[in-house]
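Chemist:
There are 2 protein chains.
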Amino acid sequence: AQLALEKDFETQRAYDTRFRVLMEATREAFMFVSVSNGRIFEANTGAATLMSCRRDEMTETLLDSVCRPRGKGDLVGTLKSEAQSEAPSAVEVESAKDGTVLRLFPTIFRAAGDRTLLLRVEPMTDTRGTQDTLT
Amino acid sequence: AQLALEKDFETQRAYDTRFRVLMEATREAFMFVSVSNGRIFEANTGAATLMSCRRDEMTETLLDSVCRPRGKGDLVGTLKSEAQSEAPSAVEVESAKDGTVLRLFPTIFRAAGDRTLLLRVEPMTDTRGTQDTLT
Numbered sequence: 346a347q348l349a350l351e352k353d354f355e356t357q358r359a360y361d362t363r364f365r366v367l368m369e370a371t372r373e374a375f376m377f378v379s380v381s382n383g384r385i386f387e388a389n390t391g392a393a394t395l396m397s398c399r400r401d402e403m404t405e406t407l408l409d410s411v412c413r414p415r416g417k418g419d420l421v422g423t424l425k426s427e428a429q430s431e432a433p434s435a436v437e438v439e440s441a442k443d444g445t446v447l448r449l450f451p452t453i454f455r456a457a458g459d460r461t462l463l464l465r466v467e468p469m470t471d472t473r474g475t476q477d478t479l480t
Numbered sequence: 346a347q348l349a350l351e352k353d354f355e356t357q358r359a360y361d362t363r364f365r366v367l368m369e370a371t372r373e374a375f376m377f378v379s380v381s382n383g384r385i386f387e388a389n390t391g392a393a394t395l396m397s398c399r400r401d402e403m404t405e406t407l408l409d410s411v412c413r414p415r416g417k418g419d420l421v422g423t424l425k426s427e428a429q430s431e432a433p434s435a436v437e438v439e440s441a442k443d444g445t446v447l448r449l450f451p452t453i454f455r456a457a458g459d460r461t462l463l464l465r466v467e468p469m470t471d472t473r474g475t476q477d478t479l480t
């Protein structure tokens with residue numbers, strides 16, 4: 346049983362490591378947000394840079410405190426509805442630090458019983474490949 | 346103990362899920378290869394498409410059987426040396442299926458005691474952002 350536990354732990358660590366390596370290897374900007382509490386629980390350096398934050402400042406922070414929606418209503422709620430819609434579109438936000446306009450492309454999924462949003466972050470000026478984003 | 350085990354299992358599943366969601370959400374093409382046996386253990390749809398394979402065909406397959414190096418020598422060995430060099434450069438390969446020339450950008454890391462290569466795959470014609478890839 347001890348060996349089995351160690352093996353489980355190693356497998357878990359391996360997934361954790363792969364996840365972190367992939368987060369930093371991709372040149373796109375990504376954040377993971379818990380729908381239940383609205384907090385960012387993972388963000389890569391690319392996302393932190395676009396939000397004008399340090400990566401360690403982002404973790405466990407409310408999404409609402411790093412950016413605000415340009416439209417009306419609750420940001421996490423809007424992202425959730427977009428992610429669940431048939432043809433999701435980007436949600437425009439402004440970085441709380443310096444007002445930079447950014448677009449969030451949401452995907453929703455369930456992990457360990459909690460609904461999670463994966464947000465791809467793009468600057469407004471970056472137009473490449475926006476069309477094929479949410480297919 | 347049972348509850349703790351279930352919790353561990355849930356945490357592991359959560360990482361696994363996040364990893365898989367991220368693999369498919371990124372618009373870049375990625376493969377994970379075990380250095381010890383040279384097999385691809387994860388590839389996203391983008392990587393499979395560039396290799397002219399189905400994604401399920403890639404898993405547990407030898408990297409050597411889906412692509413061949415354009416230069417001399419052993420492919421996994423070459424990727425490993427590049428990943429460990431101070432200024433890594435891309436390794437050119439040809440897809441085994443149709444000879445398409447592709448570039449592999451390697452990163453090396455250790456997970457669960459096994460050395461692993463993360464390969465970002467780019468078509469030769471795609472020149473955007475190649476310079477800042479391996480910083």
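Protein sequences, first through last, are from chains A and P. Heads up: the first sequence begins at 346 in the working numbering, then just goes up one per residue. Heads up: the second sequence begins at 346 in the working numbering, then just goes up one per residue. All C-beta atoms, glycine included, are put in the ideal place defined by N, C-alpha and C.
1) Would you say A/Arg415 lies against chain P (beta-carbon separation less than 9 angstroms)?
2) Classify P/Thr480: buried if its beta carbon has 16 or more other beta carbons within 10 angstroms, exposed otherwise.
3) Along the chain, which unbroken stretches of the alpha helix (DSSP H) at least 4 residues long are found entirely within the stretch 420 to 467 of chain P?
4) Going by the CB atoms, is the gap between A/Arg460 and A/Ser410 shorter than 9 angstroms?
5) So, A/Ile385 versus A/Leu408, is the Cβ gap smaller than 9 angstroms?
6) Evaluate P/Arg363 with the Cβ neighbour count: other Cβ atoms within 10 Å of its Cβ, from every protein chain shown; 16 or more gives buried, anything less gives exposed.
7) Of all the options P/Cys412, P/Ser426, P/Arg455, which has the alpha carbon lying nearest to the alpha carbon of A/Glu355?
8) Assuming contact is defined by CB atoms lying nearer than 9 angstroms, are A/Glu467 and A/Ala374 in contact in what I supplied?
9) Applying the criterion that 16 or more other CB atoms from any shown protein chain within 10 Å of the CB defines a buried residue, is P/Thr390 buried or exposed?
10) Examine chain A for any beta-carbon lying closer than 9 angstroms to the beta-carbon of P/Leu367, and answer yes or no.
11) Can you find the residues in the same chain that come closer than 6 angstroms, C-beta to C-beta, to A/Met376, ignoring five residues on each side of it along the sequence?
12) Given a limit of 9 angstroms on CB to CB distance, which residues of the stretch 439 to 468 of chain P reach chain A?
13) Compare the C-beta of A/Arg400 with all C-beta atoms of chain P and state if any pair is closer than 9 angstroms.
14) Are the CB atoms of P/Val436 and P/Val446 nearer to each other than 9 angstroms?
15) To be precise: take each residue of the stretch 368 to 386 of chain A, compare its Cβ to all Cβ atoms of chain P, and keep it if any distance is under 8 angstroms. Which residues remain?
16) Starting from the C-beta of A/Glu405, find all residues in its chain whose C-beta is less than 8 angstroms away, skip the five residues before and the five after it, and write them out in chain order.
17) Where does A/Met403 sit, in a helix, a strand or coil, going by DSSP?
18) Considering Cα atoms alone, identify which of A/Thr452, A/Ala359, A/Met368, A/Thr394 is closest to A/Ser426.
19) What span of residues does the alpha helix (DSSP H) with P/Ser410 cover, start to end?
20) State buried or exposed for A/Gln297, treating a residue as buried only when at least 16 other CB atoms are found within 10 Å of its CB.
21) Could you tell me the distance, in whole angstroms, from the CA atom of A/Asp401 to the CA atom of A/Gln347?
22) With the cut-off set at 9 angstroms, would you say A/Thr371 and P/Thr371 are in Cβ contact?
23) Give the single residue among A/Gly418, A/Phe450, A/Pro433, A/Ala441 whose Cα lies nearest to the Cα of A/Met403.
Modeler: The structure says:
1) Here the question's residue 415 of chain A lines up with position 70 in the first sequence. No, A/Arg415 does not count as interfacial toward chain P.
2) Counting from 1 along the second sequence, the entry for residue 480 of chain P is found at position 135. Its pLDDT being 42, under 50, P/Thr480 is placed unreliably in this model, and the value from its coordinates should be taken loosely. Counting Cβ neighbours within 10 Å, P/Thr480 comes out exposed, since fewer than 16 surround it.
3) 420 to 429
4) The count along the first sequence starts at 1 and reaches residue 410 of chain A at position 65. The count along the first sequence starts at 1 and reaches residue 460 of chain A at position 115. In this structure, A/Arg460 does not lie closer than 9 angstroms to A/Ser410 by Cβ.
5) Here residue 385 of chain A refers to the residue found at position 40 when the first sequence is read from its first residue. Here residue 408 of chain A refers to the residue found at position 63 when the first sequence is read from its first residue. Yes, Cβ-Cβ distance for A/Ile385 and A/Leu408 is below 9 angstroms.
6) The sequence position of residue 363 of chain P within the second sequence is 18, counting from 1. Classification for P/Arg363: buried.
7) Here residue 355 of chain A is taken as the residue at index 10 of the first sequence, counted from 1. Closest option to A/Glu355, Cα to Cα, is P/Arg455.
8) Numbered from 1 along the first sequence, position 122 holds the residue referred to as residue 467 of chain A. Numbered from 1 along the first sequence, position 29 holds the residue referred to as residue 374 of chain A. Cβ distance < 9 angstroms, so A/Glu467 and A/Ala374 count as in contact.
9) Position 45 of the second sequence, counted from the first residue, corresponds to residue 390 of chain P. Exposure of P/Thr390 is indicated by the presence of fewer than 16 other C-beta atoms within 10 angstroms of its C-beta.
10) Sequence index remark: in the second sequence, residue 367 of chain P carries index 22 (1-based). Taking Cβ atoms only, chain A reaches closer than 9 angstroms to P/Leu367, which makes this a yes.
11) Counting from 1 along the first sequence, the entry for residue 376 of chain A is found at position 31. Result list for A/Met376: Ile385, Ala388, Ala392, Leu464, in chain order.
12) Phe450, Thr452, Phe454, Arg455, Ala456, Ala457, Gly458, Asp459, Thr461, Leu463, Arg465
13) Translated into the one-based positions of the first sequence, residue 400 of chain A becomes position 55. Not closer than 9 angstroms to any Cβ of chain P, the Cβ of A/Arg400 fails to qualify, so no.
14) As a first step, residue 436 of chain P is located in the second sequence; it is residue number 91 there, counting from the start. As a first step, residue 446 of chain P is located in the second sequence; it is residue number 101 there, counting from the start. Going by C-beta atoms, P/Val436 is not nearer than 9 angstroms to P/Val446.
15) For the stretch 368 to 386 of chain A, which is checked against every Cβ of chain P, the residues closer than 8 angstroms are Met368, Ala370, Thr371, Arg372, Glu373, Phe375, Phe377.
16) Working through the first sequence from its first residue, we reach residue 405 of chain A at position 60. Counting only Cβ-Cβ distances below 8 angstroms, and skipping sequence neighbours, we find Arg384, Ile385, Phe386.
17) Position 58 of the first sequence holds residue 403 of chain A. Helix, per DSSP.
18) Position 81 of the first sequence holds residue 426 of chain A. Per the Cα distances, A/Thr452.
19) Within the second sequence, numbered from 1, the residue matching residue 410 of chain P stands at position 65. Segment 408 to 411, the alpha helix (DSSP H) holding P/Ser410.
20) Given that chain A is displayed from residue 346 to residue 480, the structure contains no residue 297 of chain A and the question cannot be resolved.
21) Here residue 401 of chain A corresponds to residue number 56 of the first sequence, with the count starting at 1. Here residue 347 of chain A corresponds to residue number 2 of the first sequence, with the count starting at 1. Cα-Cα distance, rounded: 34 angstroms.
22) The count along the first sequence starts at 1 and reaches residue 371 of chain A at position 26. The count along the second sequence starts at 1 and reaches residue 371 of chain P at position 26. A contact, by the Cβ cut-off of 9 angstroms.
23) Position 58 of the first sequence, counted from the start, is the residue given in the question as residue 403 of chain A. It is A/Ala441 whose Cα lies nearest to the Cα of A/Met403.
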